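Take a look at the structure below.
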Amino acid sequence: MLSHDFNRTMLFHIGRSEIQLINPEMKSVQLNKNFKDIAHCCQGIKHNDHFGFICRELNGDIPCYVGYVFMCQISAVTDEIMQALSKAFTAVHEAQVRERQENLLCDQCPMRWFSMLCAEVEGMAAAKAHTTIMKRISSLPEEEKSILIAKYEGAEASETQIQNNILMMLLRTHFETKQASHTHLALPGGGVKPDNQMGGNLESSLRRAKKSLTTSFNQLLKRDGRESESSERETTTEEEQNSGFNTNPVEKTHPMPALSSRVKMEGLSDSPLGHRPRSSTVSSAGGDSMRREFMARRAAAKQKVVSSKIECAVLDKTESTSGSQVSPKRNIFLKVGSPTPRNTQEEENSGDGKLAPKSMSFRHAILQKVVSPPKRIDSLDQLGSRTVELSTSPSKKSKQQLKIIWKKAVFQQILLNRFERENQRLRAHQQQVAMQRVRLNYEEDEIHIEAVQAWQLMLTRPSARIDSNILHSGIKQGVPKSLRGDVWQLLMYQYLARNSKMEPQFPGYNTPYEDMIKELTSQHHAILIDLGRTFPTHPYYMQTLGPGQLALFNVLKAYSLLDKDVGYCQGLSFVGGVLLLHVEEEVAYNLLKHLMFVMGCRQQYRSDLIGLQVQMYQLSRLLRDKLKRLHDHFEENEVTPQLFAAPWFLTLFASQFSLSFVSRVFDLLFMDGMEAVFCVALVLLKTHEEALLACDSFEQIMEYMKTSMSTLHPNQIGNIISQACDCSLSKELQAYEVEYHVLQEEAALSPLNNAEYSKLKEANKNLKRQNLDLLEQLHHANSQQHALEASNQSLQQSQHHLEVRVRWLELERGNLKQLVSLLAQNVPSHTLSSIPANLQRFLPSEPEKKEEAKKTTEDKEKEQTKESDDISSSLPSQSHHQQNQSGQRSVTMDYGMMHRYIKNLVGHD
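Counting from 0, one number per residue, gives the positions in the sequence shown under numbering that gives the first Met the number 0.
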């Protein structure tokens, strides 16, 4: 759901007696309310995606009501929350009603008799239970017994169990009727007797013994009080006469009324349930007059506190000097009933009038002397001198002194701030170390110091290319669990560096983790259900919706948003849980993506489970080729790999094996991919082959795999991982995968199922007929295409011919136009008038003549300047005549050349 303040994903947790609003990103509880504090809860009418509730709270000391309104992304989530709240409230109410009804049962309740009978016959055989029921019925009164027997005889039942059911039904109906009109047996202090029939006699005996003891003790105190009153009066009068104290007449006649009244009231309060009996209360003894008298005595007792203290001191002094006139009964009671005997040293100190020091260890004594040494004042002169020094000390300080004090205070404040920051950093580091200690709460094999140093050296250079043989050797020797998270990241980077083309191009693959966890997923309900099932005994995941479970929820939610095809599958929670024990959330998310998309773990979690089926076939083929005896033994007892190996592959051994073994498997998984899982599974079965062959039945084999195989000693773990590192199954796995797909196709086309085969055969005929029709249409279309291509080619050729002719005609027109212009210059103007009108449009106009004349003069000038250096061109008339002839010749040659070119082109075409 979405909160209004942060607009982030929130978890609304409904417990047995409270509701919590949890922020998984901050891993904190934003709201926590008990069911008893919720006054009302409802859903929005106009906006179905809203809901809220009203709670009783305290604003300081003033009670008030506060409303909380929430909005969900869709109304279906709101409906689900409201249904869950309704069920939770109903369950709590029913539990309270049931508890209240159970507390209302007394010893004489009829339903008490029936519940005892149900408890007695539970688990008995039918015949024995029937005998017990009839025996208990015979103990009932004659009238009730006759009614029950008459009803029982009317029902015909042959089986003993049916008879017992009929009898219990009749007894329940009978005692429910009696319970409706039953009056509970009340206790003296109010309420009913507790629901404990078995210990009723014992409790009543203890209660009577306690009451008799209390009564006898009260009488003893009253008698001692009366004996001590007379002696106190005599000693008091003697002391008053000797010391000269003036007392009131009332005090002389009633020397210690407060003491006697207090003793009496304390004696009356020792009832079994902590309440006074009704007959001993003040209101029942004498009404208002007795109450007024009691209040007057209390006021008199308050006024005589000082005099009573003096009298008690005098009595203590007379007792210590004259041999203690305490009655022997009270002395015996004090000696026997006192929980701690009096110390002789304290009695000696009390006799001297000094208080005995409390027992103190020598460490506390040294601490008091060092930390706060006492400063003694020997005489009044020293006290006076100290007061004089304080009075003579200057009240004001100089500016320089204040400046020094200010600098000192600022410096101390800076130091305090530094200390506080350092303390915060240390506390954060301690919390991080404590959390890491909680995460890595599993046993670790002993690793040689050389291997640890080698891993530390490799982690200092993560970008350097490391040989795979070196990494295999390090994994074989072991990885320290404190460095395992960093080593997994190193293995991921090294694998991507060796296989750069393996990096996936999946949409949203590089989306930041912070953005992914802010969105909502449709898999949140399935993820929340599996959180409590993931490592339930591990301290990091033990707390419901604690830091560990919330971190796991964030990682699984982010991946379900990234991979829509897989979403969430059971088993992914264990994979993410193992990763989170060694790295932080974001790193665990990146490692999970790497395992799924790069290392080949994604196929087994798809919804169709085709990848898991292929893996189970591959494992079966490996068993048949590598462990033939064990494979045949499994076949005889009908044990398939799906029964024991499916959890191994889906959870990567995390659901059944110890974390020390699973972490070693993950080391190899980041190095070799899913091939490592096959190697570990094959080595496991080979290690326990003899024990599995000794099992004679299906049940024994499965029990051994569930209990004995998952319990591995540290030496066994090291040997299994070492053998798995030396194992290579890549070629076999590829061959088995191809074999599986081929067999699947053959099974789909096999004629075992005649109906399906005939359907497929008929469909094949129809497809062939359709293929022939489509082939004819294709030939016809090809012929049409060839015809169109031929026509297109001829059109292109004709177009080319026309374009060449157009260019030739344009060139011929230009030449003719030039010839006409030259002829028009040499022919007189009156001769041009005789030209027909339809041909005069080809003659140049006057502006054109001027422009041409101008151009010719300019050309002549240019030519004259160019030919000035030539000796052969000295005569202008001859040059002009030669130029005209050359101009005509050039036109004629251009026309002839073009004519020959066109003929040649047409001949080639």
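Even glycine gets a Cβ: it sits at the ideal position worked out from N, Cα and C.
Everything numeric in this text was worked out from a predicted model, so none of it was measured.
Here's a check: name, in chain order, each residue in its chain whose Cβ is nearer than 6 Å to the Cβ of residue i, leaving out the five neighbours to either side.
{"i": "Met595", "result": "Arg601"}
{"i": "Lys316", "result": "Unreliable positioning characterises Lys316 in this predicted model, as indicated by a pLDDT of 44, which lies under 50. The coordinate reading is nonetheless provided below. Cβ neighbours of Lys316 beyond the five flanking positions: none."}
{"i": "His632", "result": "Leu692"}
{"i": "Leu560", "result": "Met515, Glu518 and Thr520"}
{"i": "Phe643", "result": "Met704"}
{"i": "His593", "result": "Met491"}
{"i": "Phe174", "result": "Pro109, Met110 and Phe113"}
DSSP beta-bridge partners for residue i?
{"i": "Lys32", "result": "Ile18"}
{"i": "Thr77", "result": "Looking at the DSSP assignment, Thr77 forms no beta bridge with any residue, so it has no partner."}
{"i": "Leu57", "result": "Pro62"}
{"i": "Phe697", "result": "For Phe697, which the question treats as bridged, DSSP gives no partner whatsoever."}
{"i": "Ile13", "result": "Ile18"}
{"i": "Phe50", "result": "Gln42 and Phe69"}
{"i": "Ile37", "result": "Cys54"}
{"i": "Ser521", "result": "None, per the DSSP bridge assignment."}
{"i": "Ser27", "result": "Asn22"}
Measure the C-alpha to C-alpha separation of residue i and residue j and round it to an integer number of angstroms.
{"i": "Glu513", "j": "Val65", "result": "33 Å"}
{"i": "Asn589", "j": "Lys406", "result": "52 Å"}
{"i": "Leu771", "j": "Asn781", "result": "15 Å"}
{"i": "Arg460", "j": "Cys724", "result": "24 Å"}
{"i": "Ser85", "j": "Glu158", "result": "43 Å"}
{"i": "Glu698", "j": "Met598", "result": "35 Å"}
{"i": "Met9", "j": "Leu20", "result": "7 Å"}
{"i": "Ala75", "j": "Asp48", "result": "8 Å"}
{"i": "Glu93", "j": "Ala87", "result": "10 Å"}
{"i": "Arg620", "j": "Arg605", "result": "23 Å"}
{"i": "Gln476", "j": "Val741", "result": "41 Å"}
{"i": "Met442", "j": "Pro479", "result": "The question names Met, but residue 442 in the sequence shown is Glu. Going from the Cα of Glu442 to the Cα of Pro479 covers about 11 Å."}
{"i": "Asn422", "j": "Ser462", "result": "35 Å"}
{"i": "Glu857", "j": "Asn825", "result": "19 Å"}
{"i": "Ala653", "j": "Ser709", "result": "10 Å"}
{"i": "Phe11", "j": "Thr89", "result": "18 Å"}
{"i": "Ser137", "j": "Thr131", "result": "10 Å"}
{"i": "Lys861", "j": "Lys854", "result": "10 Å"}
{"i": "Leu808", "j": "Glu775", "result": "49 Å"}
{"i": "Ile404", "j": "Leu414", "result": "15 Å"}
Assuming the contact rule is C-beta atoms closer than 8 Å, residue i and residue j should be a hit. Round their C-beta distance to whole Å, please.
{"i": "Glu17", "j": "Asn33", "result": "5 Å"}
{"i": "Glu688", "j": "Leu626", "result": "6 Å"}
{"i": "Leu495", "j": "Leu470", "result": "That pair is no contact at about 14 Å."}
{"i": "Ile526", "j": "Leu482", "result": "No, Ile526 and Leu482 are not in contact; Cβ-Cβ is about 30 Å, not under 8 Å."}
{"i": "Leu683", "j": "Ile720", "result": "Not a contact, Cβ separation roughly 11 Å."}
{"i": "Leu116", "j": "Arg99", "result": "The Cβ separation is near 23 Å, so there is no contact."}
{"i": "Leu611", "j": "Gln617", "result": "Contact flag wrong, Cβ pair sits at about 11 Å."}
{"i": "Ile516", "j": "Ala557", "result": "5 Å"}
{"i": "Leu591", "j": "Phe656", "result": "In fact, because the Cβ distance is near 20 Å, the residues do not count as touching under 8 Å."}
{"i": "Gly484", "j": "Val586", "result": "7 Å"}
{"i": "Ile61", "j": "Ala38", "result": "With 8 Å as the limit, Ile61 and Ala38 do not qualify as a contact, their Cβ atoms being about 16 Å apart."}
{"i": "Gly575", "j": "Leu551", "result": "6 Å"}
{"i": "Cys63", "j": "His181", "result": "Not quite, the Cβ-Cβ distance comes to about 43 Å (not below 8 Å), so this is no contact."}
{"i": "Asn553", "j": "Glu583", "result": "At roughly 11 Å, the Cβ-Cβ gap does not stay under 8 Å, so Asn553 and Glu583 are not in contact."}
Looking only at its own chain, which residues have a Cβ that is under 8 Å from the Cβ of residue i, when we skip the five neighbours before and after it?
{"i": "Arg911", "result": "This structure does not reach residue 911, given that the chain is present from 0 up to 908, and the question cannot be answered."}
{"i": "Ala83", "result": "Ile13"}
{"i": "Thr386", "result": "With a pLDDT of 45 at Thr386, under the threshold of 50, the modelled position of this residue cannot be trusted; read the value that follows with caution. Closer than 8 Å at Cβ, skipping near neighbours: no residue."}
{"i": "Leu139", "result": "Leu147"}
{"i": "Val577", "result": "Leu651, Ala653, Leu658, Val661, Ser662 and Phe665"}
Closer than 7 Å by C-beta to residue i: which residues in its own chain qualify, once you throw out the five before and the five after it? Chain order, please.
{"i": "Ile716", "result": "Asp444, Ser659, Phe660 and Arg663"}
{"i": "Gln162", "result": "His129 and Ala156"}
{"i": "Arg628", "result": "Leu692"}
{"i": "Pro538", "result": "Val437 and Asn440"}
{"i": "Gln614", "result": "Gln603 and Phe648"}
Give a single yes or no on whether residue i has its beta carbon closer than 7 Å to a heavy atom of the ligand SAM.
{"i": "Glu738", "result": "In the structure on display, the ligand SAM does not appear, and there are no ligands present to speak of."}
Check whether the stretch 690-707 and the stretch 664-677 are in contact - that is, three or more C-beta pairs closer than 8 Å. Between the stretch 690-707 and the stretch 664-677, the count of C-beta pairs closer than 8 Å stays below three; the two stretches do not touch.
Does the stretch 527-536 touch the stretch 560-572, meaning 3 or more C-beta pairs lie closer than 8 Å? yes
At least three beta-carbon pairs within less than 8 Å, the stretch 70-83 to the stretch 22-31: no
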